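Chemist:
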Amino acid sequence: MIATLLQLLPEADFLSPTIDWHAIAPEMVILVGSLVLILLDSIKLDKAKPFMPTLASLVLLGAMIPVITLAIDGSTRVLFGGSYVVDSMSLVLKALFLVSAYIVVLMSTNYVADGDYWESEYYSLIVAAVLGMLVMCSARDLLMIFVALELLSIPAYMLAAWRKGDEKSNEAGLKYYLMGVFASAVLLYGMSLMYGVGRSTRLDVIAENLVRIGDGRGAPIVTLAMIFVIIGFAFKVSAVPFHTWAPDTYEGAPTPVTAFLAVASKTAGFVALIQIVFYCFAARPDIIQPVFAVLAILSMTVGNLIALKQTNVVRMLAYSGIAQAGFMLAPFAVIETNREQALSSIVIYLVIYAAMNLGAFAVIIAITRKTRSAEISSLGGLFSYMPGLTVVMTIFLASLAGIPPFGGWYAKFGVWQALIGGNTALGYALAIIMAINTVVAAYYYLNVAKTMWFDEAPDGDTAPVKIPFTLIGAMGITVVATVLFGVLPGLLTNISDFSPVAAALGR
Amino acid sequence: MWFFTHVWIIPALMALSFLLILFFGKKMPKKGAEIGIVFVGAAFVLALLTGGNWIAWSNDNPEGHGPAAEGAALANVDPSCSSVAAEAAAVGEGVEQVEGKTAASEPAGAEKGGHEEVATRPVVSCVNWFENGDQTISIGTLVDGQSVLLLIVVTLISLLVHVFSTDYVHGDRRYTHYFAFLSLFTASMLFFVLSENTLQMIVGWELVGVCSFALIGHWWEEKPNSDAALKAFLTNRVGDIGLLVGVIVLYFAAGKSFSILDLNILANEGGISHNLLLIGSLCLITAVMSKSGQFILHTWLPDAMAGPTPVSALIHAATMVVAGVYMVARLYPVFFEGLSISGSSVNALSMIGAITALFGAMLAFVQKDIKKVLAYSTVSQLGFMVTALGVGAWTAALFHLFTHAFFKACLFLGAGSLSHACHHSFNMVDDMGGLRKIMPKTFWTYLVATAALAGVFPLSGFWSKDEILAGTGSFPGTQGANGEYHVMLVMLLLAAFCTAAYMTRTIWYAFYGEYRGHGTPHESGPRITTPLIILASLGAIAGIVNLPAAFDFLPEGAQTRFEHYVEPVGLYFPAITHAGFNPALAVVSVLVGLAGIGLAYLYFFKDAFAGLHGLAERNKVAAFFKNILVNKYYFDWLYTTVIVGFVKGPLARAANWFSANVIDGLVNLVGKTAVGSGNWVYKNVDQKVVDGAVNGAGSSASGVGAMLRLTQTGRIQQYAALFFAAVAILAGVFVVVIG
Amino acid sequence: MLLNQFLLLSAILFTIGVYGVIVRKNGVLVLMSIELVLNAVNINLIVFSTYWGIAGQVFALFTIAIAAAEVGVGLAIVLLIYRNQRSVDIDELDEMKG
């Protein structure tokens, strides 16, 4: 029967694609890993619980091995007829996602075990979301990008509502879910229009068609489609005015999940923007430059101004993250004149941002083990009983504020260089607005530092609390990375040397 | 050469000292202070050796004139850190790249001031720091007279402050932490001073700021201290924007190079357009305004006196605040060309400096806190330096920086010694007085430093201030050195007058009259007085290093040594002209200083005799009784005027009349005006307008933040509506506008 | 082909869906409104695929599958809220703001 069916198929129409298994090895490791996690949970139930975090870390670190071998190999691999590309930049980003997720797992270990949570599913969902992120790094096709986006979003919706009995967490989950689904609906509508005018779902083909259309017939639909697509991802990176979900979700979600959303999920949004804008929409800089300039200016200004008034440190970090996203959106606005530098400055910013923000959340998790509150005033007097933690947190805050010699300054410097190097009026304007915002930002970061160092402990409770070693590990990795990237930025520029990418872009 | 290429050891020593104190300090018998002193001492010795080597290096400079020699002077610059030097090395003799500058570009007929035209040979060495795309960013050291000068000053003051502190902060709860940060601060400042490129300068600049944050807030348990630290830091952040923008503009202006040497040479040769230089220099001036406490960003400096006094001496007198001045001096061609300093009569730099000099001096009048007087005095003196740079008197500015470091550090440490004796109060009006006899060492050193600051001949302050005044090129006889800055001369003379007067006032309050505090004050120990004596002696004699060239009766090589060794000559420095020494101007400046001292002396010392200071001006009855008291119930009058008066009555009466009407009137008028205007400016401009503007900007930002917060209602559907409204507006606008 | 008519239909569906998301207070109805938007997308994709080949139809299939997964998660969260609050009125969820 099957044989007859096969005979019916015309031979020329079915080509089995040759798959470069090495190129997709990281994704395969994660896929198998997440399946193993789910299966183990359903078969062994409670017995497997204590091993879940270890297993999840092993899966994530295991996926690093093929990433490293691919990086050593160094060649650019193109799969599935150009819809999936593994190049040096995508490897840097994959490594970033894997390490970030590993740190999140470290942060979660005791948090999840101590609280009233479903432990096993938690880790399989995180690993599944990482799969989506890895695919995003290499996707060069609208469909692939969409699938990757949903693969990383749907687990995140569930994770945000993970504290089942807590109304705040429920609220956080529903807000994130509804806004997220709405945003992806808008994104999809944009993608469907883009498919209509671009004649394909492949980014390179769409780019050719965009050039062909120019501002001729069908141009308004191009504009509409582009804006809808960009906005879909602007939601993901919490750019103003699509940021409204972020503070509420961050506050309500379990803190390690917040860290995951603030860093990994946001980075994934930026990766998608990089793929779409640099490989496709760059054909129409007259549209995307002003769009991104508007988003960047609104994000950094509004984010910073609202952050000034926050009393909860997690909400403060949410708004600061919005402002930081504004800084990262800015280089998109000089894409026409300074393409290569814009790209590398965004990627470098993403790496440094991941280190310092994850670190800040790790410290907050450690502190809330004692204070049970994320109010800024509850941090008072921290220096007197946990000086080490205070110093580490101060380093992260200083880095976020952009004070040398911590990583943050170099990230900002890179964006600056890209903006000014673009040599356009828009670039200069953005650079100036960014400079002003940097100063405003210093105020609320230092305010937290001041509370920790100078203020009295509320209700005089100064008994130090024990910090689990996994959390110390998370803080150690991030603090070393933050300081190292600041003192030796050369490390970053070497790993993110995009000359092959630049050559590809120059086509 | 070894010293020049390995000069990085000096900041590295201090950084090592920081780490050692941090990790092992608590376990050491002296709690880490000895580590700091040994290391800073070693750094000072190395700095001195470097200085000696620099003098020898400059002395055996091969003779040679003209462009070829100037090009060859760059032979000691590592080609990897300066593209111009690399070019010069490639060409061989480096003649090719100097065509922009010929002998004709130097103003003809200008007074050379005994300046031998031999090109300075800076030594630059660097290593790759990181690579950014095709751009290599290096980190290294630039050694020339200017950086060597600062090396010596910073390490010396730091050493003395370390010694002073062992006694002053003895028993402090964070003694070890304090010394660790002193070391780190010194290391950062040295790192900044030796910067080879502008990016490195930014890093050093920020590090200095962070350390000062930690040191000002040393006693953070008291809220004003932590507030002051935060204010200092935030005000400096404002300037940092200027620095960042300026450096980036200049980076692109210099053809994507951060190298100070490249930038200076290009700016000097006219390789960068005037407008770019103007924008760059204006941006950098913002940075100078914040770091060097120039009007209107000076408000943090007096507040920052909340830190421990030795820190004030180190940070707010001798090192950190001169960073701005140093930066201008380092990038001088940028300012020289950008602001067209040569041949004009006003520019942004000189204007800001002159306003600051006068303004700061007036404010110093009405302070009760002795440290605040000194703080405003520092503001004012920094104004002198900035003005000097603004009018083209580069050497005078650096010379003043040099002498000021000594006497101002001495004054600050003296104030520390006073408060050490008076139960840690700095209120000279209410808690001091009459300490002259009790604390003779402090008194005499303070007096010498005051005289130096007031510009009394022949102390060091006289020489440096006189050079600045001459540098304005306005006084008859010194005209047109680098343009004629008449306004600046007048403002600086007024400022000098005020300086002399307010310093006399502090002496009166602190050392004369009755002791007004409580307890029994006592002279401080040797670890406090020895640094004072050293600083006062240096403050007295430091002037001899730059005696005017006009003193040709001195042996050859005794004049203008400072200018000879410190001021660069060659491609990377503009051809500035030095104003000659003018005896008339010197007399005027000394007279102005003496007039200030004299009037203040009469105002305070004379009236105070009656113990009714100030009352007599307000109340006629009081004046009547005071007159009786002054005249000792007229018994004296009876004896002298009635009896002896028969002999010399008319003379005595005339003298009396003169004293009562002319001198008293003058004293009262000047005193009242000065105090009144100082008070008015302090109350209305400094505290209301300037502080108000700073606070207003802050509160309006947070007000807007509070309003924007209201958009975050917590309702999902309002979020969705906002989301879609934004989509619709963006899409609508773009579809309509772009199509 | 009636391209414009189909595009118009999808635009109307999109608008109705957006209206529903913004206005309906019941959590389940909001989910249904989102389904409308997704169906507008599917119409677009299939119409365009008559011009540009099979990719659009594949895309539509993926959209349907993913929409199903999304609604599954959404209903789970709405159910969670119903259990805790005995209500699915999303206007009552404004504990966190500012």
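Chains as they are written, first to last, in this note's numbering: chain A, 41 to 547; chain B, 1264 to 2002; chain C, 3 to 100. All C-beta atoms in this analysis are idealised placements derived from N, C-alpha and C, irrespective of residue type, glycine included. A quick note: this is a predicted structure, and the numbers were derived from the prediction, not measured.
M368/A and I386/A - do their beta-carbons sit closer together than 9 Å?
Modeler: In the first sequence, counting from the first residue as 1, residue 386/A sits at position 346. In the first sequence, counting from the first residue as 1, residue 368/A sits at position 328. Yes. Within cutoff.
Chemist: Tell me the rounded alpha-carbon separation between V1390/B and G447/A.
Modeler: By one-based count along the second sequence, residue 1390/B stands at place 127. By one-based count along the first sequence, residue 447/A stands at place 407. Between V1390/B and G447/A, the C-alpha separation is close to 20 Å.
Chemist: Are the Cβ atoms of V152/A and I70/A separated by less than 9 Å?
Modeler: On the first sequence, residue 152/A is found 112 positions in, with the first residue counted as 1. On the first sequence, residue 70/A is found 30 positions in, with the first residue counted as 1. It is not a contact, given that the beta carbons lie outside the stated cut-off.
Chemist: By how many angstroms is the C-alpha of V1432/B removed from the C-alpha of Y1709/B?
Modeler: Stepping through the second sequence from its first residue, residue 1709/B is reached at position 446. Stepping through the second sequence from its first residue, residue 1432/B is reached at position 169. So the two alpha carbons sit approximately 21 Å from each other.
Chemist: Hey, does Y21/C have any beta-carbon neighbour from chain A nearer than 9 Å?
Modeler: Counting from one through the third sequence, the residue named residue 21/C turns up at place 19. So no, Y21/C is outside the interface.
Chemist: Let me check you understand the geometry: is the CB of H62/A closer than 8 Å to at least one non-hydrogen atom of the ligand NAD?
Modeler: Questions concerning the ligand NAD fall outside what the structure shown contains, since it holds no ligand whatsoever.
Chemist: Is there a Cβ from chain C that is less than 9 Å from the Cβ of D288/A?
Modeler: The count along the first sequence starts at 1 and reaches residue 288/A at position 248. So yes, D288/A belongs to the interface.
Chemist: From A1660/B to A1651/B, what does the alpha carbon distance come to, in whole angstroms?
Modeler: Stepping through the second sequence from its first residue, residue 1660/B is reached at position 397. Stepping through the second sequence from its first residue, residue 1651/B is reached at position 388. Roughly 5 Å between the two C-alpha positions.
Chemist: Please determine, among L1507/B, S1475/B, T1268/B, G1304/B, the residue with the shortest C-alpha to C-alpha distance to L1423/B.
Modeler: Position 160 of the second sequence, counted from the first residue, corresponds to residue 1423/B. Of the listed residues, the one whose Cα sits closest to L1423/B is G1304/B.
Chemist: Within 9 Å (strictly less), CB to CB, does M176/A reach chain B?
Modeler: As a position in the first sequence, residue 176/A is number 136, starting the count at 1. Judged by the 9 Å Cβ criterion, M176/A is not in contact with chain B.
Chemist: Work out the CA separation of G366/A and L338/A for me, nearest whole Å.
Modeler: For this step, residue 338/A is matched to residue 298 along the first sequence. For this step, residue 366/A is matched to residue 326 along the first sequence. Using only the alpha carbons, I get a separation of about 7 Å.
Chemist: So what's Q1344/B in DSSP terms, helix, strand or just coil?
Modeler: Position 81 of the second sequence, counting from 1, holds the residue named residue 1344/B. Sequence check: residue 1344/B is Cys here, not Gln. Helix at C1344/B.
Chemist: At which residues does the beta strand (DSSP E) containing Y124/A begin and terminate?
Modeler: On the first sequence, residue 124/A is found 84 positions in, with the first residue counted as 1. Run containing Y124/A: 124 to 126, per the beta strand (DSSP E) assignment.
Chemist: Considering only C-alpha positions, which residue in the set M1625/B, E1830/B, V1417/B is nearest to M1583/B?
Modeler: Residue 1583/B sits at position 320 when you count from the first residue of the second sequence. Taking only the C-alpha atoms, the option nearest M1583/B is V1417/B.
Chemist: Is L348/A near Y484/A, with beta carbons less than 9 Å apart?
Modeler: Locating residue 348/A in the first sequence gives position 308, counting from the first residue. Locating residue 484/A in the first sequence gives position 444, counting from the first residue. For L348/A and Y484/A, yes; Cβs fall inside 9 Å.
Chemist: Excluding sequence positions up to five away, which residues of its chain have a Cβ less than 7 Å from the Cβ of G1587/B?
Modeler: The residue given as residue 1587/B occupies position 324 in the second sequence. Closer than 7 Å at the Cβ level, and outside the excluded window around G1587/B, lie A1550, V1551, K1554, S1555.
Chemist: Along chain C, which residues have their Cβ under 7 Å away from the Cβ of A1992/B?
Modeler: Here residue 1992/B refers to the residue found at position 729 of the second sequence. The question names Ala, yet the displayed sequence has Ile at residue 1992/B. The premise fails here: I1992/B is roughly 14 Å from chain C at the closest Cβ pair, so nothing lies under 7 Å.
Chemist: Look at L1674/B and A1763/B and say whether their C-beta atoms are less than 9 Å apart.
Modeler: Mapped onto the second sequence, residue 1674/B falls at position 411. Mapped onto the second sequence, residue 1763/B falls at position 500. No; because the gap between Cβ atoms is not below 9 Å, this pair is not in contact.
Chemist: Candidates T116/A, L133/A, A135/A, L136/A: which alpha carbon is nearest D127/A's?
Modeler: Against the first sequence, residue 127/A aligns to sequence position 87. Checking every option, the nearest Cα to that of D127/A belongs to T116/A.
Chemist: In chain order, which alpha helix (DSSP H) runs of at least 4 residues are fully inside the segment 16 to 60 of chain C?
Modeler: Qualifying alpha helix (DSSP H) stretches, in chain order: 29 to 54.
Chemist: Tell whether a beta-carbon distance below 9 Å holds between T1399/B and S1343/B.
Modeler: Locating residue 1399/B in the second sequence gives position 136, where the first residue counts as 1. Locating residue 1343/B in the second sequence gives position 80, where the first residue counts as 1. Yes, these two residues count as a Cβ contact at 9 Å.
Chemist: In whole angstroms, what is the alpha-carbon distance linking G516/A and V303/A?
Modeler: Counting from 1 along the first sequence, the entry for residue 516/A is found at position 476. Counting from 1 along the first sequence, the entry for residue 303/A is found at position 263. G516/A and V303/A: Cα-Cα distance of roughly 17 Å.
Chemist: So, with DSSP's three-state summary, where would you put N1391/B?
Modeler: Locating residue 1391/B in the second sequence gives position 128, where the first residue counts as 1. Note: N1391/B maps to strand in three-state DSSP.
Chemist: Would you kindly check if the distance between the Cβ of L95/C and the Cβ of N210/A is under 9 Å?
Modeler: Working through the first sequence from its first residue, we reach residue 210/A at position 170. Working through the third sequence from its first residue, we reach residue 95/C at position 93. Yes, Cβ-Cβ distance for N210/A and L95/C is below 9 Å.
Chemist: In terms of alpha-carbon separation, which member of L1447/B, A1758/B, I1420/B lies closest to L1279/B?
Modeler: Here residue 1279/B refers to the residue found at position 16 of the second sequence. Here the closest residue by C-alpha is L1447/B.
Chemist: Could you give the DSSP three-state label for G1616/B: helix, strand or coil?
Modeler: As a working note, residue 1616/B is residue 353 in the second sequence. DSSP places G1616/B in helix when its eight states are reduced to three.
Chemist: Whose CA, out of A514/A, A521/A, S232/A, P325/A, lies closest to the CA of S97/A?
Modeler: Here residue 97/A refers to the residue found at position 57 when the first sequence is read from its first residue. Answer by Cα proximity: A514/A.
Chemist: Identify the contact partners of F1997/B in chain C, using a Cβ-Cβ distance below 9 Å as the criterion.
Modeler: In the second sequence, the residue the question calls residue 1997/B occupies position 734. Here the premise fails: no neighbours, minimum Cβ distance about 17 Å.
Chemist: Grouping DSSP H, G and I as helix and E and B as strand, with all else coil, what is T377/A?
Modeler: As a first step, residue 377/A is located in the first sequence; it is residue number 337 there, counting from the start. Three-state result, T377/A: coil.
Chemist: Check the Cβ of D326/A against every Cβ in chain B and list those closer than 7 Å, keeping chain order.
Modeler: As a first step, residue 326/A is located in the first sequence; it is residue number 286 there, counting from the start. Chain B residues near D326/A: I2001.
Chemist: In or out: T17/C buried (at least 16 other Cβ within 10 Å) or exposed?
Modeler: Taking the third sequence and counting its residues from 1, the one referred to as residue 17/C is at position 15. Looking at its Cβ environment, which holds fewer than 16 other Cβ atoms inside 10 Å, T17/C is exposed.
Chemist: Is it the case that the segment 1754 to 1773 of chain B contacts the segment 1632 to 1639 of chain B, given that we only count it when at least three CB pairs across the two stretches are under 8 Å?
Modeler: The segment 1632 to 1639 of chain B is in contact with the segment 1754 to 1773 of chain B.
Chemist: Name the residue from A406/A, G122/A, H283/A whose alpha carbon lies nearest to the alpha carbon of I246/A.
Modeler: Stepping through the first sequence from its first residue, residue 246/A is reached at position 206. The option with the nearest alpha carbon to I246/A is G122/A.
Chemist: What do you get for P1846/B, buried or exposed, if any count of 16 or more other CB atoms within 10 angstroms of its CB means buried?
Modeler: Along the second sequence, read from residue 1 onward, the residue named residue 1846/B stands at position 583. Per the 10 Å Cβ criterion, exposed.
Chemist: Check whether the segment 1799 to 1811 of chain B touches the segment 1493 to 1501 of chain B, taking contact to mean three or more Cβ pairs, one atom from each stretch, closer than 8 Å.
Modeler: As far as the Cβ criterion goes, the segment 1799 to 1811 of chain B does not touch the segment 1493 to 1501 of chain B, which means the pair count is below three.
Chemist: Can you give the Cα-Cα distance for G461/A and I375/A, rounded to whole angstroms?
Modeler: The residue labelled residue 461/A in the question sits at position 421 within the first sequence. The residue labelled residue 375/A in the question sits at position 335 within the first sequence. Each residue's Cα considered, the two are about 11 Å apart.
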